[in-house]
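Asker:
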Amino acid sequence: MAKLNQKQNLLRMIDGEMPEYVPINSFGDFSKPPLFAGGMMFNPSILGDFRGPNGGYDPWGVHYTTESSAGVVASIPEPGNFILKDVTKWEEVIKVPEHFKDWDWEKASKADMANIQWDPEQSIFVAKGWDDFFQQFIGMMGFTEGLCALYEEPEAVHALLDFMCDTVIEITKNVLYYYKPEAYYMLDDSAAKQ
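Take 283 as the starting number for the sequence shown in this note's numbering and just add one per residue.
#1: What are the boundary residues of the beta strand (DSSP E) that includes TYR460?
#2: For LYS367, name the three-state secondary structure that DSSP assigns.
#3: In whole angstroms, what is the alpha-carbon distance linking MET423 and GLU452?
#4: DSSP three-state label for LYS410, please.
#5: Hey, ILE365 and VAL378 are a contact pair by Cβ (cut 8 Å); roughly how many whole angstroms apart?
#6: ALA396 lies in the alpha helix (DSSP H); which residues open and close that run?
#7: Taking the straight line between their C-alpha atoms, what separation do you get for ASN397 and PHE416?
#8: Would you list the one or two residues that DSSP bridges to LEU357?
#9: Between the alpha carbons of VAL369 and GLU435, how many angstroms are there, rounded?
#10: Name the residue from ASP331, ARG294 and TRP372 whose alpha carbon lies nearest to the alpha carbon of LEU443.
#11: Starting from ALA465, trace the beta strand (DSSP E) in both directions and tell me its first and last residue.
#12: With DSSP as the reference, identify every bridge partner of TYR339, one or two as the case may be.
#13: Which residue wins for smallest C-alpha separation from ASN456, given the options PHE382, ASN336, GLY338 and PRO335?
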């Protein structure tokens with residue numbers, strides 16, 4: 283008979299200790315233990331809801347639209363509508379989002395946390411960061427132009443990714459400080475339906 287609940291068991295493994303049993307993975311359904319993120323991957327409100335079922339604009343200005351794939355609605359950068367045409371001129375196009383500069387982290391975190399419910403004894407609170415640099419870069423330029431830029435203008439791409447990283451580090455520090463998640467989910471992928 284197991285003595286540890288799913289959360290305790292998973293945290294034991296995350297800490298590099300031997301779990302009592304093979305941890306259960308609720309990845310894909312964040313409404314169940316041991317992972318929890320408000321029914322989905324929890325996103326701090328500073329990032330907006332551009333990846334949600336209605337799409338919208340990400341903080342860099344990329345327009346996301348929705349498509350249905352196997353019954354799952356997900357948003358992707360709008361095909362053919364790219365904001366960055368020449369990576370060597372990224373500084374003219376890509377800016378730190380204005381609302382980041384005077385964001386009230388304390389107020390926002392209280393409001394965000396008031397909208398979620400979870401059992402802290404059973405589930406790990408997982409926050410999603412804003413860290414998928416490759417995916418965001420491709421969203422700015424599209425796959426073809428983005429991959430060509432990586433090959434043809436590596437210095438400019440590196441400078442852009444450094445700029446993005448500096449911005450994201452500040453967001454991450456504040457998410458960790460104000461939201462105090464037990465786990466922080468970082469992702470980057472290059473997949474799309476087609």
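All residues carry an ideal CB built from backbone N, CA and C; glycine is no exception. Remember, it's a predicted structure, so these values are computed and weren't measured experimentally.
Answerer: For this structure:
#1: Taking the sequence shown and counting its residues from 1, one reaches residue 460 at position 178. No beta strand (DSSP E) contains TYR460, which is instead part of the alpha helix (DSSP H) from 436-461.
#2: The residue you call residue 367 lines up with position 85 of the sequence shown. LYS367 falls in the coil class under three-state DSSP.
#3: As a first step, residue 423 must be located in the sequence shown, where it is residue number 141. As a first step, residue 452 must be located in the sequence shown, where it is residue number 170. Computed Cα separation, rounded: 24 Å.
#4: By 1-based counting over the sequence shown, the position of residue 410 is 128. In the structure shown, LYS410 sits in a strand (DSSP, three-state: E or B).
#5: What you label residue 365 is simply residue 83 of the sequence shown in a count that begins at 1. What you label residue 378 is simply residue 96 of the sequence shown in a count that begins at 1. Actually they are not in contact, since the Cβ atoms of ILE365 and VAL378 sit about 15 Å apart, beyond 8 Å.
#6: Position 114 of the sequence shown, counted from the first residue, corresponds to residue 396. Here the alpha helix (DSSP H) through ALA396 covers 387-396.
#7: Walking along the sequence shown from the start, residue 397 turns up at place 115. Walking along the sequence shown from the start, residue 416 turns up at place 134. Spanning the two alpha carbons is a distance of roughly 30 Å.
#8: The count along the sequence shown starts at 1 and reaches residue 357 at position 75. Note that residue 357 is Ser in the sequence shown, not Leu. According to DSSP, SER357 bridges with THR348.
#9: As a first step, residue 369 must be located in the sequence shown, where it is residue number 87. As a first step, residue 435 must be located in the sequence shown, where it is residue number 153. So the two alpha carbons sit approximately 7 Å from each other.
#10: As a working mapping, residue 443 is identified with position 161 in the sequence shown. Comparing Cα positions, the closest option is TRP372.
#11: Sequence index remark: in the sequence shown, residue 465 carries index 183 (1-based). 465-467 is the extent of the beta strand (DSSP E) around ALA465.
#12: What you label residue 339 is simply residue 57 of the sequence shown in a count that begins at 1. TYR339 is bridged to HIS345.
#13: Counting from 1 along the sequence shown, the entry for residue 456 is found at position 174. Closest by alpha carbon: PHE382.
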